[in-house]
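Chains as they are written, first to last, in the numbering used here: chain E, 1 to 703; chain D, 704 to 1000.
#1: Closer than 9 angstroms, Cβ to any Cβ of chain E: which residues of the segment 769–785 of chain D, in chain order?
#2: Alpha carbon to alpha carbon, how far is residue 760 of chain D from residue 15 of chain E?
#3: Write down the C-beta distance between residue 866 of chain D and residue 906 of chain D rounded to the nearest angstrom, noting that I regard them as a contact closer than 8 angstroms.
#4: State the beta-bridge partners of residue 975 of chain D as determined by DSSP.
#5: What are the boundary residues of the alpha helix (DSSP H) that residue 964 of chain D is part of?
#6: Would residue 822 of chain D count as contacting chain E if we go by Cβ distances under 8 angstroms?
#7: Give a yes or no on whether the C-beta atoms belonging to residue 482 of chain E and residue 216 of chain E are separated by under 8 angstroms.
#8: What are the residues that DSSP puts in a beta bridge with residue 347 of chain E?
#9: For residue 577 of chain E, count the other beta carbons within 10 Å of its own beta carbon; 16 or more makes it buried, fewer makes it exposed. Which is it?
#10: Taking residue 6 of chain E as the query, report the chain D residues whose CB atoms sit under 8 angstroms from its CB, ordered along the chain.
#11: Would you mind giving the Cβ-Cβ distance between residue 310 of chain E and residue 241 of chain E, rounded to the nearest angstrom? I have them listed as a contact below 8 angstroms.
#12: List, in chain order, every chain D residue whose beta-carbon is nearer than 9 angstroms to that of residue 595 of chain E.
#13: Compare the C-beta of residue 694 of chain E against all C-beta atoms of chain D and say whether one is closer than 8 angstroms.
#14: Within this structure, are the beta carbons of residue 957 of chain D and residue 919 of chain D separated by less than 8 angstroms?
#15: Tell me residue 527 of chain E's beta-bridge partners as DSSP assigns them.
#16: How about residue 764 of chain D: is its Cβ closer than 7 angstroms to a heavy atom in the ligand MN?
#17: Residue 588 of chain E and residue 601 of chain E: beta carbons closer than 8 angstroms?
#18: Return no unless some Cβ of chain E is closer than 8 angstroms to the Cβ of residue 714 of chain D.
#19: Would the beta-carbon of residue 186 of chain E fall within 8 angstroms of that of residue 170 of chain E?
#20: What does residue 366 of chain E pair with, by DSSP beta-bridge criteria?
#21: Please confirm whether residue 974 of chain D and residue 753 of chain D have their CB atoms less than 8 angstroms apart.
#22: Mind checking who residue 795 of chain D pairs with in its DSSP beta bridge?
#23: If you reduce the DSSP assignment to three classes, tell me which class residue 817 of chain D lands in.
#24: Is there a C-beta anywhere in chain D that falls below 8 angstroms from the one on residue 600 of chain E?
#25: Does any residue of chain E bring its CB to less than 8 angstroms from the CB of residue 860 of chain D?
#26: Below 7 angstroms CB to CB, which residues in the same chain sit around residue 685 of chain E once its five sequence neighbours on both sides are set aside?
#27: Might you give, ordered along the chain, the residues of its own chain that have their beta carbon closer than 8 angstroms to the beta carbon of residue 864 of chain D, omitting 5 neighbours on each side?
#28: Inspect the beta-carbon positions of residue 354 of chain E and residue 331 of chain E and report whether they are closer than 8 angstroms.
#29: Looking at the structure shown, is residue 738 of chain D part of a helix, part of a strand, or coil, going by DSSP?
#30: Straight-line CA distance for residue 267 of chain E to residue 201 of chain E?
#31: Give the interface partners of residue 814 of chain D over in chain E, defined as CB-CB distance under 8 angstroms, in chain order.
#32: Using a beta-carbon distance below 8 angstroms, is residue 709 of chain D in contact with chain E?
#33: Determine the burial state of residue 652 of chain E: buried for a count of at least 16 other Cβ atoms within 10 Å of its Cβ, exposed for fewer.
#34: Can you list, in chain order, the residues of its chain with a C-beta nearer than 6 angstroms to that of residue 181 of chain E? Leave out the 5 residues immediately preceding and following it.
#35: Can you list the residues of chain E that residue 832 of chain D reaches, using a CB-CB cut of under 7 angstroms?
#36: Are the C-beta of residue 828 of chain D and some C-beta of chain E separated by less than 8 angstroms?
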């Protein structure tokens, strides 16, 4: 057996076989450590009580922040960035609220109510699935698509509904003189207690998508999710980057240098056109027009890339401020290539003034067969189209323009109306577009060449020829694909559609401005635990958001925890020192009483180290027993103190105290007990090992 | 067996001792003188006689390596001859204890004391937290003996010293007295505080020779034993010391002249020194040992 094992065995036997002497030492050390253990438990329990309310309540983990101090508006991207940057974030809910008016749909038995019911104003707040505010009441999911809503108790009571009921919500909006009203049916999926929402408060929570759609609705935009089109006043405006100016040739009637300077000062480049299909407006103007008129093209100097930089000045302003005599300005957009019912076409935008309008004299140069729209027609309905009479598109029941973005815009074929107007002018009956003498296909494809006239023609033939002869291809338009005439307004919208500035509202059949994304200025953020709140608050404050949270309370609790920890540490230190001194004095006395035994062991040849080891290890065993005793009693006492026995007769006097001993604390105290016993034994062990063997025998006792 | 005193190294040799004890509190001192050369050989049973206060115990502490001689510088000789631990014959190793004390070789000194010296002192010195068996086996354990050897030796010594006490044979249904059986020896597991005075002393004697030391010191063996018991215990001890391979020596401090005459083949007499607080060895007488019967002639 190794000597160390021998010494440990002797020490252990000494402890247990002389238990009557040892037990007091065990009790003393356990008694020193137990109060510290309980003190730690009381501290932990107190702090846990303070934290419980915050930890279990959603407000504990909640941080409300808003972009009040130069913080970025809360778009989707910004919110995602916040989530990734802060870390430990459970959910972020942008805040929005809307006032709506609701009324029940069904009665108590579930029967649909015949009479309209009294409406109740409901303030709707935004929420998302996983909102702790709702989850604490069992509402874990809420759908925006399904129009679900969680109502306050007061709202439920006033409406006479319950979970599962439906209610009608009336929406109203006004734009200019237009006023609209719509009804949506919501489903009640939860009820919030009055204590959470305030007594009498008729409030509710709906998915953020619902609130966003309400924002769009209120702004007059279309709400595709609800099938509600945009208000008429929300129609987009046509904008142009180019104009065509027609002046009489010569004699000071052209644009002068001063005119050009003026135009340049308005941000316009002036380009005199000597060739190109714009000269004769794609065959709309007569040959004589080219001899008498000079055509200029004005282009806006673009400074938005990408995007449209529109000419801000009206055509009237341009005309009035140039000295060119009888000049006429037309808004212009270069032809746009699209597919109409799958057939590629080049759309040319022609909107000309009537005789009554400024510059109507240009109409005198129009080929009678020149297809064009008036300004008014263009404004009234941009989605019109004029085909050559021979165009097979005239036989289509429905015409849809397919844009590059995939939009399908229905067009009204105004060809027959136009032809009819020509008929009125010529006084002749219109005939079908096809004529055996006219090669429509050639005419349709040929972008160049002059008008074709048939020598042998009846009035019908003549008209048909006229009709056939007004084929746009003869005007010198692009030979790549057939040409159709549309209001220049349509081309402007198609251009803006391509830029993403407008969109086509199929409901109202008009182009409307693309509504800007709904950004929020305020949001609720929930961290995973209350201890993550300070980090979130710090990050948001640095990002220039105003912040409201319970972080100050959390910080207070943490400070209190630290203060109490220091207090316990100081007390523990003092008690520990007292314990070491106590153990020292007890062991010194014990060692004195064991002088004889120590002496005989030394006489038998045990080394000083052996004696030292025995005394020290004996103290270690005592410390270990004391630690076990302390922990057992500590946990038992903690359990007893926690017991809620206020109702019992025998123990009604006992208060219920929160005591939480965690295993780490228990281990620390156990270690403290061992250390206390061991440290207290060092000096006695040194003294024992230094005893003269024979003196120890002669002077000592053999206890 | 021929006399071991002739032509062989002694087990212990000491001469020129002037050991001075001081009591600083009382400002007193006492000196023990050994002017002769004390030589003791294997199988010697040495009686150390003298009046109280003449320095017998003091001399014992020096011889037993419990205290360093205070006159190391002019000490003539102080040697211990011990069996070599690993040897194929009866070879002995000489240990110069004067040099060991001078050079403060405390580990060597402790080893010598642990391995080669045994003590059975006057006052009670058994370890109260251990049983009889454990007390007796302690010297063996301190020397690293295994459990089997300890158990065997302990059993042997308990039998030799008649340290047996039957268990309740009626309760066990055993009508036969089995004094040698561990199962039947209740004394082996007894605590020290349950022993009679005679048993206590015999346990101390058994422990002193458990590890087969070269030198055993017995101080006043009759203090707790009546004459008859003391005679029996000492006989056992003497026989065990003498009748083993590499026999050792036994020192017995006693006032009993008759006991000394009966057991001792060497008698060392001490007496107070005149005109100074001191004691000295005044006489050393030796007689031959009857090796056949183990008694003194």
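Ideal placement from N, C-alpha and C gives every residue a C-beta, glycine not left out.
Computed from a predicted structure; not experimentally measured.
Let me spell this out:
#1: Answer set for the segment 769–785 of chain D: 769 and 770.
#2: Approximately 33 angstroms between the Cα atoms of the pair.
#3: The pair is a contact, with the Cβ atoms about 6 angstroms apart (cut-off 8 angstroms).
#4: In DSSP, residue 975 of chain D forms a bridge with D:982.
#5: Where residue 964 of chain D is concerned, the enclosing alpha helix (DSSP H) stretches over 960–966.
#6: Chain E contact via Cβ: present.
#7: No, Cβ-Cβ distance for residue 482 of chain E and residue 216 of chain E is not below 8 angstroms.
#8: According to DSSP, residue 347 of chain E bridges with E:336 and E:484.
#9: The residue in question, residue 577 of chain E, is exposed, as its Cβ has fewer than 16 Cβ neighbours within 10 Å.
#10: Here the neighbours are 844 and 845.
#11: About 6 angstroms separates the two Cβ atoms, so the contact holds.
#12: Going along chain D, no residue has its Cβ under 9 angstroms from residue 595 of chain E, so there is no contact; the nearest lies around 11 angstroms.
#13: Residue 694 of chain E counts as touching chain D.
#14: Residue 919 of chain D is positioned such that its CB atom lies no closer than 8 angstroms to that of residue 957 of chain D.
#15: Looking at the DSSP assignment, residue 527 of chain E forms a beta bridge with E:89.
#16: This structure lacks the ligand MN; in fact it carries no ligand of any kind.
#17: Cβ distance not < 8 angstroms, so residue 588 of chain E and residue 601 of chain E don't count as in contact.
#18: Cβ-Cβ to chain E under 8 angstroms: no for residue 714 of chain D.
#19: No, Cβ-Cβ distance for residue 186 of chain E and residue 170 of chain E is not below 8 angstroms.
#20: Residue 366 of chain E is bridged to E:285.
#21: Pairing residue 974 of chain D with residue 753 of chain D gives a Cβ-Cβ distance under 8 angstroms.
#22: DSSP output for residue 795 of chain D lists D:786 as bridge partner(s).
#23: If DSSP states are grouped into helix, strand and coil, residue 817 of chain D belongs with the helices.
#24: Output row for residue 600 of chain E: interface = yes.
#25: It does not; no Cβ of chain E falls within 8 angstroms.
#26: Answer for residue 685 of chain E: 612, 615 and 616, listed in chain order.
#27: In chain order, 905, 906, 908, 909, 936 and 939 place their CB closer than 8 angstroms to the CB of residue 864 of chain D, counting only its own chain and leaving out the 5 sequence neighbours on each side.
#28: Taking 8 angstroms as the Cβ cut-off, residue 354 of chain E and residue 331 of chain E do not qualify as a contacting pair.
#29: Looking at residue 738 of chain D - three-state DSSP - the assignment turns out to be strand.
#30: Residue 267 of chain E and residue 201 of chain E have their C-alpha atoms roughly 58 angstroms apart.
#31: Here the neighbours are 605.
#32: Low confidence applies to residue 709 of chain D: its pLDDT is 38, below 50, so where it sits in the model is not reliable, and the reading given next is rough at best. Output row for residue 709 of chain D: interface = no.
#33: The residue is exposed, with fewer than 16 neighbouring Cβ atoms inside 10 Å.
#34: Excluding residues up to 5 positions away in sequence, 172 lie with their Cβ nearer than 6 angstroms to the Cβ of residue 181 of chain E in the same chain.
#35: Correct list: 13, 14, 17 and 18.
#36: Yes, because at least one Cβ of chain E sits closer than 8 angstroms to the Cβ of residue 828 of chain D.
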